[in-house]
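So the sequence shown is residues 109 to 302, counted in this note's numbering.
Every residue, glycine too, gets a C-beta built ideally from N, C-alpha and C.
Here's the structure, in structure tokens; my notes come after.
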Amino acid sequence: MAQRLDVLMDLPGNGPYPIFAQVEGKRARTGIVLAASGAPVSRLAAEAGENAPPVDLSLERRLEAVTPLAPRSPDVTHRVILAGAMAPYTWSLNGEYWPNVTPLMIDHGQRVAIEMVNHSMMAHPMHLHGHAFPGGRDKWCPIRRCRARYCPGAAHEQPHHPLSRHPGRWAFHCHNLYHMMTGMVTEVRYPEII
Ligand SMILES: [Cu+2]
109 MAQRLDVLMD LPGNGPYPIF AQVEGKRART GIVLAASGAP VSRLAAEAGE NAPPVDLSLE
169 RRLEAVTPLA PRSPDVTHRV ILAGAMAPYT WSLNGEYWPN VTPLMIDHGQ RVAIEMVNHS
229 MMAHPMHLHG HAFPGGRDKW CPIRRCRARY CPGAAHEQPH HPLSRHPGRW AFHCHNLYHM
289 MTGMVTEVRY PEII
């Protein structure tokens with residue numbers, strides 16, 4: 109949920125090449141068909157043959173940047189604990205619930221690492237407004253994306269390095285809106301913004 113990838117690829121021939129997105133744990137799917145003009149496109153089933161497996165980080169683990177994306181080590185690191193449960197149905201960042209939160213302060217021009225540790229049993233597609241996660245120099249998430257998914261029970265920490273260059277007050281929240289509505293929102297703030 110709430111993931112987006114920008115992908116550039118070369119396709120041989122005229123197609124068609126169906127690109128599906130399948131619902132986690134279900135057969136339902138949607139998608140697009142890439143095909144050259146005039147190429148035959150046949151009708152495709154609305155459901156896949158099998159349920160999609162649980163989403164994990166196995167794809168991210170296979171990805172590797174051709175060249176390092178982060179030009180330097182982070183200047184500052186913020187750690188964010190993702191927590192919550194089904195009963196009571198509340199979800200928090202660093203034990204805080206919006207709007208009673210402590211902003212993550214960053215300075216203009218800094219390279220910032222946000223280490224997210226998921227202490228809950230749910231995945232959380234974390235979304236930072238106004239910035240991108242270009243990834244680090246290591247294999248973790250070396251792709252440019254605007255959201256980062258954090259899977260349940262993740263003991264690992266994944267550093268991301270959004271470059272701070274857009275002064276303001278920016279929402280940083282779980283993109284499962286039903287989590288966000290219970291308070292799973294914090295703020296990334298530049299000091300010049302009062
Ligand atoms: Cu969430």
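Which residues mark the beginning and the end of the alpha helix (DSSP H) in which residue i is found?
| i | result |
| --- | --- |
| L285 | L285 to M288 |
Ligand 1 heavy atoms versus the CB of residue i: any closer than 8 angstroms?
| i | result |
| --- | --- |
| M230 | yes |
| H287 | yes |
| G203 | no |
| G192 | yes |
| W199 | yes |
| M224 | no |
| N122 | no |
| P126 | no |
| P233 | yes |
| N208 | no |
| M292 | yes |
| N284 | yes |
If residue i and residue j are in contact, beta carbons under 8 angstroms, what's the gap, nearest whole angstrom?
| i | j | result |
| --- | --- | --- |
| E295 | F280 | 7 angstroms |
| T185 | G192 | Contact flag wrong, Cβ pair sits at about 23 angstroms. |
| P162 | E132 | 6 angstroms |
Quick one: give me the first and last residue of the beta strand (DSSP E) that residue i is part of.
| i | result |
| --- | --- |
| Y298 | Premise fails: Y298 is in no beta strand (DSSP E) and is neither H nor E. |
| P126 | Y125 to Q130 |
| R277 | R277 to C282 |
| M234 | H232 to L236 |
| R137 | R137 to L142 |
9 angstroms is my cut-off, CB to CB: does residue i come that close to chain B?
| i | result |
| --- | --- |
| N122 | Annotation note: the requested chain B is absent from the structure, which comprises a single protein chain. |
Legend entry - Segments of 3+ residues assigned as beta strand (DSSP E) that fall wholly inside the stretch 158-229: 184-193, 198-201 and 220-226
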